[in-house]
Amino acid sequence: MAGGAFAVDSPAGSFDGKITLSVVVTCIVAASAGLIFGYDLGISGGVTTMIPFLAKFFPDILKKAASAEGNMYCVYDSQVLTLFTSSLYLAGLVSSTAASRVTTAVGRRNTMLLGGALFLIGSGINGGAENIAMLIIGRILLGLGVGFTNQAAPVYLSEIAPAKWRGAFNTGFQFFLGVGVVAAGCINYATAKHKWGWRLSLGLAIVPAGVIVIGAFLISDTPSSLVERGKKDQARKALHMVRGSKVDIEPELEEILRVTEYNKSLNEEPIKTIFERQYRPHMVLAFLIPFFQQLTGINIVAFYAPNLFQSVGFGHDASLLSAIILGLVNLASILVSTAFVDRFGRRVLLITGGIVMFVCQVTTLLTTQLAPHSSIMLKHGVFGLLLFIEHLKHKACVLIIAICMTNLKIAVAAVLGAVTGVHGNKGISQGYAILVLVLMCMYAAGFGWSWGPLTWLIPSEIFPLKIRTTGQSIAVGAQFITIFILSQTFLTTLCHFKFAVFLFYAFWILVMTFFVIFFLPETKGIPLESMYTIWGKHWYWRRFVKGDANDQDYSP
1 MAGGAFAVDS PAGSFDGKIT LSVVVTCIVA ASAGLIFGYD LGISGGVTTM
51 IPFLAKFFPD ILKKAASAEG NMYCVYDSQV LTLFTSSLYL AGLVSSTAAS
101 RVTTAVGRRN TMLLGGALFL IGSGINGGAE NIAMLIIGRI LLGLGVGFTN
151 QAAPVYLSEI APAKWRGAFN TGFQFFLGVG VVAAGCINYA TAKHKWGWRL
201 SLGLAIVPAG VIVIGAFLIS DTPSSLVERG KKDQARKALH MVRGSKVDIE
251 PELEEILRVT EYNKSLNEEP IKTIFERQYR PHMVLAFLIP FFQQLTGINI
301 VAFYAPNLFQ SVGFGHDASL LSAIILGLVN LASILVSTAF VDRFGRRVLL
351 ITGGIVMFVC QVTTLLTTQL APHSSIMLKH GVFGLLLFIE HLKHKACVLI
401 IAICMTNLKI AVAAVLGAVT GVHGNKGISQ GYAILVLVLM CMYAAGFGWS
451 WGPLTWLIPS EIFPLKIRTT GQSIAVGAQF ITIFILSQTF LTTLCHFKFA
501 VFLFYAFWIL VMTFFVIFFL PETKGIPLES MYTIWGKHWY WRRFVKGDAN
551 DQDYSP
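Quick note: the sequence shown uses the UniProt record's numbering, first residue 1, plus one each step.
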């Protein structure tokens, strides 16, 4: 089938995995690892708009803000300020490279415990910081912690969850990430007017870190990890706990044992094995999916949202409140992904997210009068699209939505360009500032049920056991290096390119959607031990696998 938009049926021998209270509690605890990443994303941008924080560490920014003649896009253009934010992601990149061996050696659970402990220490240092050096050291420790947890938690969720509901449970990581963002925004809003507010905001990161540390002691490791480390009896006990006492777990355990023994018999180094030709499809997806996610621009918006909203006309308090609203919209949209990811598949979520972008784009045209007869466009545009989608195939819908998503970014750029001027030195009215907020919220919603949760899910489920932790490390590393580069350059880019920075992200949205159309197979409902079947049936990736898709030698 052209484009590779197909679903692979689960093998007839799929294991009986029901949703039990134990698996729900276990997955909630593991998914809470997303709290620290989300809290940091939300807290950093808010703290960097607090006057006491800026006065102590970045007084030059206050001087820029006090200048009425200054370019509004350049107020927060400071390499030291961006280093404070982006140093975490550089440290995360470093720890993610080591996380593969650590996760294999000590297990998924213990790696999350290590990450939570490092984040807790870094939080304490940041809360008590007296100079920029302490801030950076604290951020580095936070980054090391996030690198370990981001690598271990998604793999843990994919391995522990029943295959039929793996997508829903894995989106829990993104949900808690969203909770962290919203909690951080609320704390920033509450502490912004206090001289010591920034210390409280940074120091309270010990709370989500403590949740992870304590939670890690309450759960067992995954059966796959326990078998991999020679703990068969503990693996059987762990399977009984999460699958239920009345379920026959022996077939699933035997399959895990078979795959593990096969991998050990090969005696291959995972970092070398993963570069073999047969794993080329896995590598490409593991790198490009997190790479593309960051090029949607969503995380840049997340941790610079207060700066961005303050730049385009909101007051300080209003900019922090706007960031909270943005986080709540994203959080609500993640629940949509949780509800439908295992029912309709990973790819369909990309379409539904894009429809929101289309409606917002039409509304933007109507509101800003960027095109004549906008009411007619709204009437015929919305109903025309729905009728069109009704008669088109899946991939055509994705293409339409990609164009709509791109148009939304162009609309944001057009609004900002029209009301702030080419050089960013015109004032912006409250009405247009609110319009920018609405556009951002609609975009965050589309992201929340598509690229947000799926970026954690897909890399954690496509790799065979012998290279799963290595593959997840590559995915996390790709994410960190991309977000480091973008976060280090965003404020400078915003200063020089102004509203046109959104066109940059619009281009990449189009590119990544074409990639999804042609190269992303559907993985819903397929047991991890049978995931190899998707590559041999794909129109492009089948050329890389060895022999037939069902070849026993390839299956592990």
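All residues carry an ideal CB built from backbone N, CA and C; glycine is no exception.
Coarse secondary structure for residue i, derived from DSSP in three states
i, result
"TYR532", "coil"
"HIS538", "coil"
"SER245", "coil"
"ALA129", "coil"
"HIS194", "coil"
"PRO162", "coil"
"VAL545", "coil"
"THR49", "coil"
"SER86", "helix"
"GLY297", "coil"
"GLY525", "coil"
"THR470", "helix"
"GLU461", "helix"
"GLY107", "coil"
"ILE274", "coil"
"PHE58", "coil"
"GLY147", "helix"
"LYS264", "helix"
"LEU520", "coil"
"ASP456", "According to the sequence provided, residue 456 is Trp. The question's Asp does not apply to it. In the structure shown, TRP456 sits in a helix (DSSP, three-state: H, G or I)."
"LYS18", "coil"
"TRP449", "coil"
"LYS231", "coil"
"GLY172", "helix"
"GLY215", "helix"
"GLY345", "coil"
Cβ shell of residue i (< 6 Å), same chain only, five flanking positions each side left out
i, result
"ALA152", "THR103, ARG108, THR111 and MET112"
"LYS393", "Confidence is the limiting factor: at LYS393 the pLDDT is only 39, short of 50, which leaves the residue's position unreliable, though a coordinate-based value still follows. For LYS393, where only same-chain residues beyond five positions count, there are no Cβ hits under 6 Å."
"GLU228", "THR260"
"TRP451", "GLN293 and THR296"
"SER473", "SER96, ALA99, SER100 and GLN151"
"VAL476", "SER96, ASN150 and GLN151"
"PHE175", "ILE334"
"residue 622", "Residue numbering for the chain in the displayed model covers 1 to 556; residue 622 lies beyond these limits and cannot be assessed."
"residue 608", "Outside the shown range of the chain, which is 1 to 556, sits residue 608, and nothing can be said about it."
Residues of its chain near residue i, where Cβ-Cβ distance is below 7 Å and the 5 sequence neighbours each way are ignored
i, result
"VAL242", "THR20, SER22, VAL23, THR26 and ILE160"
"LYS466", "ASN263, PRO270, THR273 and PRO556"
"PHE53", "VAL47 and TRP198"
"LEU321", "TYR189"
"MET50", "ALA192, GLY197 and TRP198"
Cβ-Cβ separation, residue j to residue i (assumed contact under 8 Å), whole Å
i, j, result
"GLY180", "LEU35", "4 Å"
"SER95", "GLY147", "3 Å"
"PRO208", "TYR39", "5 Å"
"THR470", "SER100", "5 Å"
"THR455", "PRO290", "5 Å"
"LEU285", "PRO459", "7 Å"
"GLY116", "GLY145", "6 Å"
"VAL329", "ALA445", "5 Å"
"ALA33", "ILE214", "ALA33 to ILE214, Cβ: 12 Å. No contact."
"ILE334", "THR171", "6 Å"
"GLY167", "VAL341", "4 Å"
"ALA31", "PHE173", "5 Å"
"ARG468", "VAL155", "6 Å"
"MET531", "ILE462", "6 Å"
"LEU288", "PHE544", "The pair is not a contact, with the Cβ atoms about 15 Å apart (cut-off 8 Å)."
"SER201", "ILE61", "Contact doesn't hold; Cβ gap of about 17 Å is too wide."
"ILE137", "VAL80", "Actually they do not touch by this definition, with Cβ atoms about 14 Å apart."
"LEU157", "PHE169", "5 Å"
Interface flag, residue i vs chain C, CB-CB below 9 Å
i, result
"THR48", "Among the chains of the structure shown, chain C does not appear; only one protein chain is present."
Terminal residues of the alpha helix (DSSP H) in which residue i lies
i, result
"GLU228", "223 to 228"
"ILE219", "Taken as a continuous stretch (DSSP letters only), ILE219 belongs to no alpha helix (DSSP H), as it is neither H nor E."
"ALA205", "Where ALA205 is concerned, there is no enclosing alpha helix (DSSP H), given that its DSSP letter is neither H nor E."
"ARG280", "280 to 294"
"SER22", "21 to 31"
Close-in-space but distant-in-sequence residues of the same chain around residue i (CB under 8 Å, 5 per side omitted)
i, result
"CYS186", "ILE324"
"ILE206", "LEU120, SER123, GLY124 and GLY127"
"GLY203", "SER123, GLY124, ASN126, GLY127 and GLY128"
"ARG346", "GLY167, LEU454, LEU457, ILE458, LEU520, GLU522, THR523 and LYS524"
Heavy atom of the ligand FAD within 8 Å of residue i beta-carbon
i, result
"GLY297", "The ligand content of the structure shown is nil, which means the ligand FAD is not present either."
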